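Residue numbering for the sequence shown follows the numbering used here, starting at 1 and increasing by one per position. For reference, the structure discussed in these notes is given below.
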Amino acid sequence: MSSRDPIAALEIGTTHTTLAIGEPEGANGVRIVALSSIPSTGVRKSQIIDIGQAAHSIDSVLKSVERDFGYSIGQSCLAVSGPNVRIKRLVTQWQITGKTVDDEDMREIYNRSLETGLDPEERTLLDEAEIGYGLDDVDTPSPKGMAGQLLTRRSLCIHGDARRVSDARTAARHAKLEITDAYFAGSCAAHAVLGAMDRQAGVLAIDLGGGSTSYSLHEDGRLMHAGVVGVGGDHVTNDVRAAFSLTQAQAEELKKSAAALVGAGDGPARLAVASTTPGFDPITVSRRALETVVNARMQELFAVILDDLDHQNLAHHFNAGVVLTGGGAALPGVTALADHVFGRRARVGSFTSDIVPLENGPAPATYATVAGLLLTAFRNQDPQSSFNPFKNIFGGLFK
Numbered sequence: 001m002s003s004r005d006p007i008a009a010l011e012i013g014t015t016h017t018t019l020a021i022g023e024p025e026g027a028n029g030v031r032i033v034a035l036s037s038i039p040s041t042g043v044r045k046s047q048i049i050d051i052g053q054a055a056h057s058i059d060s061v062l063k064s065v066e067r068d069f070g071y072s073i074g075q076s077c078l079a080v081s082g083p084n085v086r087i088k089r090l091v092t093q094w095q096i097t098g099k100t101v102d103d104e105d106m107r108e109i110y111n112r113s114l115e116t117g118l119d120p121e122e123r124t125l126l127d128e129a130e131i132g133y134g135l136d137d138v139d140t141p142s143p144k145g146m147a148g149q150l151l152t153r154r155s156l157c158i159h160g161d162a163r164r165v166s167d168a169r170t171a172a173r174h175a176k177l178e179i180t181d182a183y184f185a186g187s188c189a190a191h192a193v194l195g196a197m198d199r200q201a202g203v204l205a206i207d208l209g210g211g212s213t214s215y216s217l218h219e220d221g222r223l224m225h226a227g228v229v230g231v232g233g234d235h236v237t238n239d240v241r242a243a244f245s246l247t248q249a250q251a252e253e254l255k256k257s258a259a260a261l262v263g264a265g266d267g268p269a270r271l272a273v274a275s276t277t278p279g280f281d282p283i284t285v286s287r288r289a290l291e292t293v294v295n296a297r298m299q300e301l302f303a304v305i306l307d308d309l310d311h312q313n314l315a316h317h318f319n320a321g322v323v324l325t326g327g328g329a330a331l332p333g334v335t336a337l338a339d340h341v342f343g344r345r346a347r348v349g350s351f352t353s354d355i356v357p358l359e360n361g362p363a364p365a366t367y368a369t370v371a372g373l374l375l376t377a378f379r380n381q382d383p384q385s386s387f388n389p390f391k392n393i394f395g396g397l398f399k
């Protein structure tokens, strides 16, 4: 693929299936030229449970992009999340060939670090991030040109269940869409909203999805840690449903009036919930009780992430604060709750200058994953390839 070719990005989420198309902008940026998102079917907890239904969602979003923007798409990259994603820390060593580290040594240790030991039939590599180097007994971010003997490279390997990724490829194939590459959704969302200064000072990015929550910690310009918690917005809905004896539809609608922090919401003290049975009056629910239920789940979620960072000795490595993305970032009071749990300032993410959003598109935080996926794919593509996944049905654009 030429570095100037457009790219498509697909996210098969628990609540929505989203497709975006991007074109290169400047030297390293991307302009989003098409975006469509529809409710997902056949997906639970960020994993496909019904190939046919998931394929129907993909087919529907493809038709939406064709109808609304004029693009017929045959290939796309994929964002992967869910509790099947795992993190593996790697330490690779190499005896340097000369007295100082040269380009050949750097290439050799990098290639060796890609020998992750993962069974390709079981696990799929989604991301590989350099953490740092050591040369003999010296830690260094850049060992090239330094004198020594034993070169060490520390890296982070993010991998997913190969069967779950295969399910996504199969569902897409049923919709006549080929998946070319798969990337970790959490890293993609972070790429969309974190600037260079954030990454240098230390920042925690949290993507609040429907079926799971991805997070990544960046410091000194590097990805230092990442993870996925199998809790998302759907779990909040289920808590509301169980607490107030509602249907799923009633709970989802009531959740729209909730806040993540008790007392952070606006409006009446009691909220009306329409009856699903004709002839019955609406019931009312205490706003404070609703916010107590939502707060408990969201606080538990943030506490799980903080416990993991503490276990990795990274709980004090994000002085630039916390950046929230995903649909859950729109929940009133969620930044104040993150402030309280993490002891750092929190904000809802907005796109970096490398991404030009779709005009009149939704809030950037809600589609940070597909936007970051486009940016990631552009920067990782092979400029020598002739691959072109697009054909504009109105003709001319990609000639």
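Beta carbons are placed, not taken as given, at the ideal position from N, Cα and C, and that holds for glycine. Quick caveat: nothing in here was measured; it's all calculated off a predicted structure.
Residue i and residue j closer than 8 Å at C-beta
i, j, result
"residue 234", "residue 184", "no"
"residue 148", "residue 96", "yes"
"residue 309", "residue 225", "yes"
"residue 210", "residue 14", "yes"
"residue 199", "residue 161", "no"
"residue 40", "residue 21", "no"
"residue 268", "residue 275", "no"
"residue 289", "residue 333", "no"
"residue 236", "residue 287", "no"
"residue 355", "residue 373", "no"
"residue 87", "residue 227", "yes"
"residue 222", "residue 131", "yes"
"residue 32", "residue 371", "yes"
Spatial distance of residue i from residue j (CA atoms)
i, j, result
"residue 280", "residue 273", "11 Å"
"residue 366", "residue 232", "14 Å"
"residue 339", "residue 50", "38 Å"
"residue 381", "residue 25", "15 Å"
"residue 250", "residue 242", "11 Å"
"residue 294", "residue 245", "15 Å"
"residue 208", "residue 344", "18 Å"
"residue 5", "residue 79", "19 Å"
"residue 398", "residue 7", "Residue placement at residue 398 is poorly supported in this model, since its pLDDT is 32, which falls under 50; the coordinates still yield a value, given next. Near 12 Å, if we compare the C-alpha coordinates of residue 7 and residue 398."
"residue 34", "residue 167", "25 Å"
"residue 42", "residue 17", "11 Å"
"residue 10", "residue 150", "42 Å"
"residue 37", "residue 62", "10 Å"
"residue 278", "residue 125", "52 Å"
"residue 156", "residue 312", "13 Å"
"residue 120", "residue 82", "19 Å"
"residue 85", "residue 186", "10 Å"
"residue 116", "residue 201", "29 Å"
"residue 68", "residue 361", "13 Å"
"residue 89", "residue 154", "7 Å"
"residue 106", "residue 248", "54 Å"
"residue 118", "residue 181", "18 Å"
"residue 270", "residue 163", "46 Å"
"residue 386", "residue 104", "Because residue 386 sits at a pLDDT of 35, beneath the cut-off of 50, its placement in the model cannot be relied upon, and the following sentence gives the value as read from the coordinates. Between residue 386 and residue 104, the C-alpha separation is close to 29 Å."
"residue 326", "residue 169", "23 Å"
"residue 352", "residue 194", "7 Å"
"residue 307", "residue 65", "41 Å"
"residue 314", "residue 113", "23 Å"
"residue 258", "residue 331", "7 Å"
Residue of the options minimising C-alpha distance to residue i
i, options, result
"residue 254", "17, 284, 39", "284"
"residue 165", "341, 23, 46", "46"
"residue 341", "379, 115, 321", "321"
"residue 214", "203, 293, 305, 105", "305"
"residue 146", "102, 131, 120, 114", "102"
"residue 94", "370, 142, 134, 315", "134"
"residue 144", "195, 314, 99, 252", "99"
"residue 260", "240, 223, 337", "337"
"residue 266", "131, 105, 291, 113", "291"
"residue 152", "197, 163, 92", "92"
"residue 319", "114, 346, 52", "346"
"residue 203", "348, 112, 369", "348"
Residue-level contact to chain D via CB, residue i, 8 Å cutoff
i, result
"residue 148", "Chain labels in this structure do not include chain D; a single protein chain is all it has."
| task | Go through the stretch 61-118 residue by residue and report every complete run of the alpha helix (DSSP H) that reaches 4 residues or more, in order. | result | 103-113
| field | Inter-stretch contact at 8 Å, needing at least 3 Cβ pairs: the stretch 55-62 / the stretch 163-178 | value | yes
| field | Three CB pairs or more closer than 8 Å across the stretch 138-154 and the stretch 70-86 | value | no
| query | Contact between the stretch 190-197 and the stretch 216-232: three or more CB pairs below 8 Å? | reply | yes
| query | Can you give, in chain order, each stretch of the beta strand (DSSP E) that sits fully within the stretch 306-386 and has at least 3 residues? | reply | 322-325, 346-348
| task | Taking only runs that begin and end inside the stretch 197-273, name each unbroken alpha helix (DSSP H) of 4 or more residues, in chain order. | result | Listed in chain order, they are 233-244, 248-255.
| message | I want to know whether the stretch 23-37 touches the stretch 372-379 - three or more CB-CB distances under 8 Å. | response | yes
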